[in-house]
Amino acid sequence: MSTTAELTATTLLRFATAGSVDDGKSTLVGRLLHDSKSVLTDQLEAVERVSASRGQDGPDLALLTDGLRAEREQGITIDVAYRYFATPRRRFILADTPGHVQYTRNMVTGASTAELTVILVDARNGVVEQTRRHAALAALLRVPHAVLAVNKMDLVDHQESVFAAIAEEFTAYATELGVPEVTAIPISALAGDNVVEPSANMDWYGGPTVLEHLETVPVSHDLAHCHARLPVQYVIRPQTADHPDYRGYAGQIAAGTFRVGEPVTVLPSGRTTTIAGIDLLGAPVDVAWTTQSVTVLLADDVDVSRGDLIVPTKDAPATTRDVEATVCHVADQPLTVGHRVLIKHGTRTVKAIVKDIPSRLTLDDLSLHPHPGQLVANDIGRVKIRTAEPLPVDSYADSRRTGSFILIDPADGTTLTAGMVGESFASPEPVKDLSDDDGWDF
């Protein structure tokens, strides 16, 4: 793989923050932005004015992320706040997610594309129920890196023993869940200790600051070996005098690498052909990789349309009409057995029925409630879905892009549920076979 490809793959880090209410997530994010000089002057002046009007001695950096009026009034984070910033070493997309239990769905949204999760813990309280819940979600979403930020160390006299006990307890729990890597960092977001600059108050700590770790953590995009997938978004056929026979299939590469001359299969039809050309930004290239938006030209005149998936013939996923997955229900209306839905996988949307809900997961202790009959907002559970047409799905453990989907209400287009194909860390109950469903019986 070329140096250019490696640089493209590693210069951007998506990460999310999570933690209990009042653990200091927004303050940490504000401190990170402020001390890395990623805050505009007028933004900082506005924060200073509001802070002064409240009688605060210094700027309340949490106001840099808590943008909703209700968030500012209550001093909590309600919605996911995305922030974009950069240092000379790396670019970042940050999702500041809420800490309340009732906003679990918001954390799922923010962490679904994250490559790292920063989980905050109040040093005075240690690992609490919500900490374990956030660790479980990070494991469920297959986030490859986790940072345990033990905040408010200034309120426990910067004691190493307090930090060590919390780090040991959290790491043991996260490892049991299958979180592949945990880095523990003692910080004070309010004072700025170990956020961007090393702390003089904790000379016993010799590890990286939060920003240093974010800048140097390896972001693994194995472009040479992951499953190559191109969901077709649009068919380009100009039929002009300059391009009378041009027929290209445009989309963003979801995973892997495509090369000119490579044998490919179009799914779900199963037709095979060869890549005759790849256009990138209006110019032909020999190779294209993950996240690039390209137009692929095929050697044969095969039937390809929006919603199809172009894959290497030697690495094609199986197509199926029976999808088993772990889901997080995000809508206020319940998801029930027999529910008629639309399933959107990549660029393809088809009709489907919820055939069974084998279990609901309790994140507090990872126990399973068998056959609950329905999932309500913020619930996480296992579902079995029968689709009207075959879908080429990967396991979420293999591909977070092509192993995920959403369920949509066909009546009004509301997003109901976010799903992850395959097994979760909790063993699901056996799925029963329902044969007496009314409606869309596929």
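Note that this note's numbering numbers the sequence shown so that position 151 is 1192, with each residue one more than the last. Ideal Cβ positions, reconstructed from N, Cα and C, are used throughout, including at glycine.
- Separation of Thr1128 and Glu1256 (C-alpha to C-alpha, rounded to the nearest whole angstrom) is 8 Å.
- Residue state for Val1070 is assigned as helix, using DSSP reduced to three classes.
- In summary, Pro1399 is buried, with 16 or more beta-carbon neighbours lying within 10 Å of its beta-carbon over all protein chains present.
- Apart from the 5 residues on each side of it in sequence, Lys1193 sits with its Cβ closer than 7 Å to the Cβ of Gly1065, Asp1163, Ala1164, Arg1165, Ser1229 in its chain, given in chain order.
- Note on geometry: alpha-carbon atoms of Asp1195 and Arg1442 lie some 41 Å from one another.
- Val1462 places its beta carbon less than 8 Å from that of Val1364.
- Bounds of any alpha helix (DSSP H) do not take in Ala1459; it lies within the beta strand (DSSP E) bounded by 1456 to 1462.
- For Val1062, the closest C-alpha among the options Leu1073, Val1220, Leu1161 is that of Leu1161.
- A direct Cα-to-Cα measurement between Gly1422 and Val1368 gives close to 6 Å.
- Taking C-beta atoms as the reference points, Ala1269 and Ala1291 fail to come closer than 8 Å.
- Within a 10 Å sphere around the beta-carbon of Gly1444 sit 16 or more other beta-carbons, which makes this residue buried.
- Here Val1251 is not near Ile1277, since their CB atoms are 8 Å or more apart.
- By the neighbour-count definition (other C-beta atoms within 10 Å, threshold 16), Arg1132 is an exposed residue.
- When DSSP states are grouped into helix, strand and coil, Ser1465 belongs to the coil group.
- Between Thr1360 and Val1391, the gap from beta carbon to beta carbon reaches 8 Å or more.
- A contact between stretches requires three or more CB pairs, one per stretch, nearer than 8 Å, and the stretch 1065 to 1077 fails this requirement with the stretch 1177 to 1186.
- For the 8 Å CB-CB criterion, Thr1298 and Val1305 do not form a contact.
- In the three-state DSSP reduction, Val1236 falls in the coil class, being neither helix nor strand.
- The alpha-carbon separation between Arg1072 and Ser1346 amounts to approximately 48 Å.
- Across the set Pro1279, His1284, Val1434, the C-alpha of Val1434 shows the shortest separation from the C-alpha of Asp1356.
- Distance from the CA of Asn1242 to the CA of Ala1208, rounded to the nearest whole angstrom, comes to 18 Å.
- Annotation note: the stretch 1115 to 1192 contains the following uninterrupted alpha helix (DSSP H) runs of length 4 or greater, listed N- to C-terminal: 1145 to 1152, 1170 to 1181.
- Residue state for Ile1394 is assigned as strand, using DSSP reduced to three classes.
- Taking a 10 Å sphere around the C-beta of Glu1156, we find 16 or more other C-beta atoms and assign the residue as buried.
- When the alpha-carbon of Leu1402 is set against those of Gly1387, Asn1419, Ala1393, the nearest one is in Asn1419.
- Ranking Val1149, Thr1158, Pro1451, Thr1172 by CA distance to the CA of Thr1224 puts Thr1158 first.
- Counting along the chain, no alpha helix (DSSP H) covers Ile1351; the unbroken beta strand (DSSP E) around it starts and ends at 1350 to 1353.
- The three-state secondary structure of Ala1206, taken from DSSP, is helix.
- In the three-state scheme derived from DSSP, where H, G and I count as helix and E and B as strand, Ser1229 is classed as strand.
- Residue state for Tyr1290 is assigned as strand, using DSSP reduced to three classes.
- DSSP lists Ile1160 as the beta-bridge partner residues of Ala1059.
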